[in-house]
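Working notes, beginning with the structure itself.
Protein chains: 2
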Amino acid sequence: MTVTAPKGFTAAGVAAGIKESGQPDLALVVNEGPRRAAAGVFTANRVKAAPVLWSQQVLRGGEVSAVVLNSGGANACTGPKGFQDTHATAERAAAALGHSAAEIAVASTGLIGTYLPMDRLLPGIDKAAAELSPHGGERAAIAIRTTDTVHKTAVRAGEGWSVGGMAKGAGMLAPGLATLLVVLTTDADLAPPVLDKAVRDAVRTTFERVDSDGCMSTNDTVLLLASGASGVTPGYEEFADVLREVCEDLARKLIGDAEGASKDIRIEVIHAATEDDAVEVGRTIARNNLLKCAIHGEDPNWGRVLSAIGTTKAVFEPERLNVAINGVWVCREGSAGDGRDLVDMRFREVRITADLDAGTHSAVIWANDLTAEYVHENSAYSS
Amino acid sequence: MTVTAPKGFTAAGVAAGIKESGQPDLALVVNEGPRRAAAGVFTANRVKAAPVLWSQQVLRGGEVSAVVLNSGGANACTGPKGFQDTHATAERAAAALGHSAAEIAVASTGLIGTYLPMDRLLPGIDKAAAELSPHGGERAAIAIRTTDTVHKTAVRAGEGWSVGGMAKGAGMLAPGLATLLVVLTTDADLAPPVLDKAVRDAVRTTFERVDSDGCMSTNDTVLLLASGASGVTPGYEEFADVLREVCEDLARKLIGDAEGASKDIRIEVIHAATEDDAVEVGRTIARNNLLKCAIHGEDPNWGRVLSAIGTTKAVFEPERLNVAINGVWVCREGSAGDGRDLVDMRFREVRITADLDAGTHSAVIWANDLTAEYVHENSAYSS
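As you go down the protein sequences, you meet chains F and A in turn.
Numbered by the working numbering, the letters in the first sequence go through residues 12 to 394 in order.
Numbered by the working numbering, the letters in the second sequence go through residues 12 to 394 in order.
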């Protein structure tokens, strides 16, 4: 299912030999039409991987016939040769599928600064093209994993149409975006400008509000492909709602599988003067290493929440701040509130509510705790 | 020595019983004159501890007769009662020393959100006052430690005058400032406005350029007291240079004793368009958890340096970035440079040089690696 749940899509996932482990590492998602409308959102990092630079160009045309995705190498910080490799990837897929390379998006994930093994990647594209199937979505989702322990997929149905999606990402999750590759598909019949608005709206309140470790990747890519195969053109709000639900589902799964994490932290900032204030405060709390350690230790250390809030530019008065952890208001009006011993933190999901008492806006940011396992996993990544 | 190295100062450090461990937890530093000029810099955190609010008021008068410092409790997020406790602390010291409370600065460090045990703290002030000595600087430095494994002191001599200092801090080190308490003393004969400029200049390029874990405290305080007891009035540059050296020495010691750290990372950003750019890039590298983990794993992962630089607003072109780790240019012009295996990372100090190739400015930021011990120490802090 997943990206092949909507009508008009085929996919495949194969082991091309990019990963030394022999695990699946190359995925192909093809829009079989009749329409090939598309939109995308890419990393805000100014150091962009070659496939991001390539796919941004492709998206300008508003049409994408297929996406080639590989794990096992990010093809970032690889200079002109890296860009040539991405170009060759698109050309090979174009030849295999009978399309123009200008309509083939490419996405890569893995270690920065090394070249992709093109002698294995290119034959892998032919292999994937030969295995394309309307049931191939699951295998595609499996092939894009790096340190992901599970593959992430989601699907939601509209009236006579649907949206499917797959995502990879397990660390380096940060707004704007994360080390995530996401392919979303729909058989709704929608034009590129509508898809563009819908995907930007959805990403803004979902993938851009997960912040596992404050780090921003060079490769983040979210693509939305529309085949029009359902023959249905839903209203904008109707479509946007379903798309957002799929993105929310995938974003939650990314946080739930973040590297080394033992807690998923839902930070809700309420009564902010503006939504920007709420997001700034939420992100600042999400990135506070001391708080992330405290949550790992199941310690409802609200002082660290206030310390973090104090570093923001949001509208608030210190003596009017309230903080709840798992529903217990441990900080009231800037000082100690209800007993810390009332807070039960045994479960994986931890809820922090920060009440700025300064307005009517709110936002939710998802984060993870900081653990020895995170340190271990990221100390040993490239060596 | 330390704060009592310059003429005209006495100090003491005692165990008042604020810490349950019975370790020393209360320090007194007294300016015996003839002058009592002073200046200070405080945390930029908008959630400020009661002693910070108090001491900021005291400093407005430009005169400080004594500083009371306690570990074992931050007296932050403690509301009106917390402020009353700080006021009572100053009053008690004023009575013991025969000065006005309006000239007594107070600094506290420890857990946020709990009240200080005033029934033990106040008698501790009397005890410290009784033990004041021109040789008490060392004991004062010992009494202000929290998770510090060593006490930190420094002293430098000018011509006929000197500057001494003590610092505490071992985590939550961040610009603007850190969880640090610093008392600097000098027997130079200087007026408050000169001291103010000198201490701000010194802090800006020393304590504000250490960033152990990106977190900013509610209690950071740097005080400079001048007794004039040497009878010498050095020129501004002469004094500022010596003061900066003392601050650099203390800042380096803070990084060297940061919680759980196994590496001290010296990040030098060169060829930046402006000093602000250099500092922004340095801080962003310093706060990148993935890079901090890689350094811990002795992995010269320059891709994470570029990823971090890419999130800044500094002037640079990705394909012109160069990065050296311990002197080996592992990244040249945005791509792989000299061999990573040439980098020797066995020693505690690691040097990262980021060349933006965009101008003539530079800055140095000091940071630490991220370790399982950091997680452990900060998971168990308050519980």
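Note that beta-carbon positions come from the ideal geometry of N, C-alpha and C, so glycine has one too.
Check, Outcome
"Going by DSSP, what residues sit across from F327/A in a beta bridge?", "None; F327/A has no bridge partner."
"Tell me whether Y385/F is buried or exposed, calling it buried when 16 or more other Cβ atoms sit within 10 Å of its Cβ.", "buried"
"Scan the stretch 223 to 292 of chain F and note each continuous beta strand (DSSP E) run of 3 residues or more that stays entirely inside, going in chain order.", "232 to 237 and 275 to 283"
"Quick check on DSSP: helix, strand or coil for V78/F?", "strand"
"Do N379/A and I276/A have their C-beta atoms closer together than 8 Å?", "yes"
"Can you name, in chain order, every residue of its own chain whose Cβ lies under 7 Å from the Cβ of K18/F, other than the five neighbours on each side?", "D198, S238, A240 and S241"
"Check the Cβ-Cβ distances between D224/F and every residue of chain A, and say whether any is below 8 Å.", "yes"
"For a contact defined as C-beta to C-beta under 7 Å, what are the partners of I320/A on chain F?", "V58"
"Run down chain A in chain order and give the residues with a C-beta less than 7 Å from the C-beta of P62/F.", "Near P62/F there are no residues of chain A at all, since even the closest Cβ is about 15 Å away, more than 7 Å."
"Return no unless some Cβ of chain F is closer than 8 Å to the Cβ of T229/A.", "yes"
"Taking C-beta pairs closer than 7 Å, name the residues in chain F that V386/A reaches, listed in chain order.", "C304, H307, L381, T382, A383 and V386"
"Quick one: does T232/A have its CB under 8 Å from some CB of chain F?", "no"
"Using a Cβ-Cβ cut-off of less than 9 Å, give me the residues of the stretch 336 to 359 of chain F that come near chain A, in sequence order.", "V341, C342, E344, G345, S346, A347 and R351"
"Whole alpha helix (DSSP H) runs in the stretch 325 to 368 of chain A with 4 or more residues, listed along the chain?", "none"
"How would you write the range of the beta strand (DSSP E) that N42/A sits in, first residue to last?", "L37 to N42"
"Can you find a CB in chain A that lies within less than 8 Å of the CB of L184/F?", "Any reading at L184/F must be qualified, since the residue scores a pLDDT of 43, below 50, and its modelled position is unreliable; the value itself is stated next. No, no contact with chain A."
"Taking the alpha carbon of L132/A as the point to measure from, which residue in E31/A, V257/A and V334/A has its own alpha carbon closest?", "E31/A"
"Just to make sure I have the definition right: I need the residues of chain A whose C-beta is within less than 7 Å of the C-beta of N299/F. Which are they?", "C226"
"What are the partner residues of M129/A, as DSSP defines its beta bridges?", "Paired residues: none, contrary to the question."
"Looking at L192/F: is its Cβ nearer than 8 Å to the Cβ of K179/F?", "yes"
"Starting from L192/F, follow its DSSP beta bridges and name the residues at the other end.", "K179/F and T232/F"
"In terms of residues, what are the limits of the beta strand (DSSP E) holding N379/A?", "H372 to N379"
"Leaving aside the five residues before and after R211/A along the sequence, list all residues of the same chain whose C-beta is less than 7 Å from its C-beta, in chain order.", "V52"
"Quick one, which residues of the stretch 80 to 94 of chain A are near chain D if we go by CB-CB under 9 Å, in chain order?", "Reference to chain D is not applicable here, since the protein chains of this structure are F and A."
"Looking only at its chain, what residues have a beta carbon closer than 7 Å to the beta carbon of Q67/A, apart from the 5 residues adjacent to it on each side?", "F53"
"Quick check on W313/A - is its C-beta less than 8 Å from some C-beta in chain F?", "yes"
"Give the secondary structure of I155/A by DSSP, where H, G and I count as helix, E and B as strand, and everything else as coil.", "coil"
"With burial defined as no fewer than 16 other Cβ atoms inside 10 Å of the residue's Cβ, what is the status of K163/A: buried or exposed?", "buried"
"I'd like the span of the beta strand (DSSP E) that includes F20/A, first residue to last.", "F20 to V25"
"Ordered along the chain, which non-local residues of its own chain (more than five positions away) have a Cβ less than 7 Å from that of E102/A?", "A112"
"Grab me the residues of L301/F's own chain with a C-beta within less than 6 Å of its C-beta, minus the 5 sequence neighbours each way, in chain order.", "R315"
"Quick one: which residues of the stretch 106 to 134 of chain A get their C-beta closer than 8 Å to a C-beta of chain F? List them in chain order.", "L122, I123, G124 and T125"
"Please classify T160/F as buried or exposed, where buried requires at least 16 neighbouring CB atoms within 10 angstroms.", "exposed"
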